[in-house]
Structures are given as C-alpha cells and as structure tokens.
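Numbering-wise (the working numbering), the sequence shown opens with residue 10 and increments by one. For glycine and all other residues, C-beta sits at the position ideal for the given N, C-alpha and C. Working notes, beginning with the structure itself.
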Amino acid sequence: MQVTIRQKGGVEYLYADISLSGIRVRGTIGISVPKKSWDVKNQRVKKDDETTFLVSTIKNKIFENIQTLQREGRVGKSEIRNILEKVKVEPVEPVDDEVLKEMELYFKLLPNGKLLMFNYGQNIRDELGRVQL
C-alpha cells in the first residue's frame with residue numbers, strides 16, 4: 010500500500026495518490042499551498058509546521074481507514090474514494106476581522122490523535138483570565 014501526497018501539475022491543491030492491490034485512487038485532501046512551498050521528497054510544507062502536521066494527520070487517517078477496510082475485506086475503488094471524502098479538510102467560510110478580534114482559539118492535541126479546539130470570546134476571557142492549556 011502506498012499513499013503519496015503531491016501537487017497536481019504544480020497546482021496549489023494537494024492530492025492523495027493511493028495505490029493498493031492494483032487499485033489507484035487520486036483525490037484532493039482539501040489543502041492548498043503555494044507552489045514552491047511543497048517539499049515532494051519529504052512530503053511536507055516548507056517552513057509551515059502546522060500545515061505539515063495537518064497533512065501528516067490526514068495521511069495517517071487514510072492509512073488507518075484502509076487497514077480497517079482490509080481487515081473487513083471491503084477494499085474497492087469506491088470505498089477508498091469514500092475514505093478520501095471522509096478525511097479531507099472541508100473549506101471554511103472566511104471570518105470577518107471584527108469576529109477575529111472578539112475570539113481567541115486554543116488547540117490541544119489529545120492522546121487519541123484528535124484535535125480539541127477551544128473558542129473563548131473576549132467577555133469570557135475577561136472573566137476567566139488568560140486560559141493556559
């Protein structure tokens with residue numbers, strides 16, 4: 010089994026290229042980066058640890074889901090496509106600058122690999138003081 014993340018024709022969107030038992034599936038993972046920022050050899054975004062971590066997490070989730078399908082004996086092109094849809098990053102609506110001023114985000118990586126996000130508005134921060142994670 011091989012999962013490779015690459016840019017399609019130098020375009021900014023990153024794609025997963027999955028090859029497994031003669032089945033090949035390609036699909037976007039929902040992340041775009043500047044053309045010169047993708048390090049093909051090391052499968053990472055140059056000078057951007059957060060995005061590199063996100064790409065690695067998506068790649069690991071693809072591996073985990075494919076291994077589950079293999080154990081269940083359900084490996085097929087449509088199942089692999091479903092995995093890509095399940096793990097890819099969904100686009101988000103742009104956030105207004107005023108909203109950004111009113112909220113602060115905190116992230117914590119849990120032992121199970123999930124990312125926990127805390128959102129504190131200014132009024133809550135004033136009451137609680139600075140939150141330490």
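Only residues of its own chain outside the window of five on either side were considered, and among them Glu21, Tyr22 have a CB closer than 6 Å to the CB of Ser41, listed in chain order. Rounded to whole angstroms, Asn74 and Lys95 show a C-alpha spacing of 10 Å.
For Ser30, no alpha helix (DSSP H) segment is defined, and its DSSP state is neither H nor E. Residue range 58–81 is occupied by the alpha helix (DSSP H) that includes Glu73.
The secondary-structure analysis by DSSP pairs Val34 across a beta bridge with Ile27.
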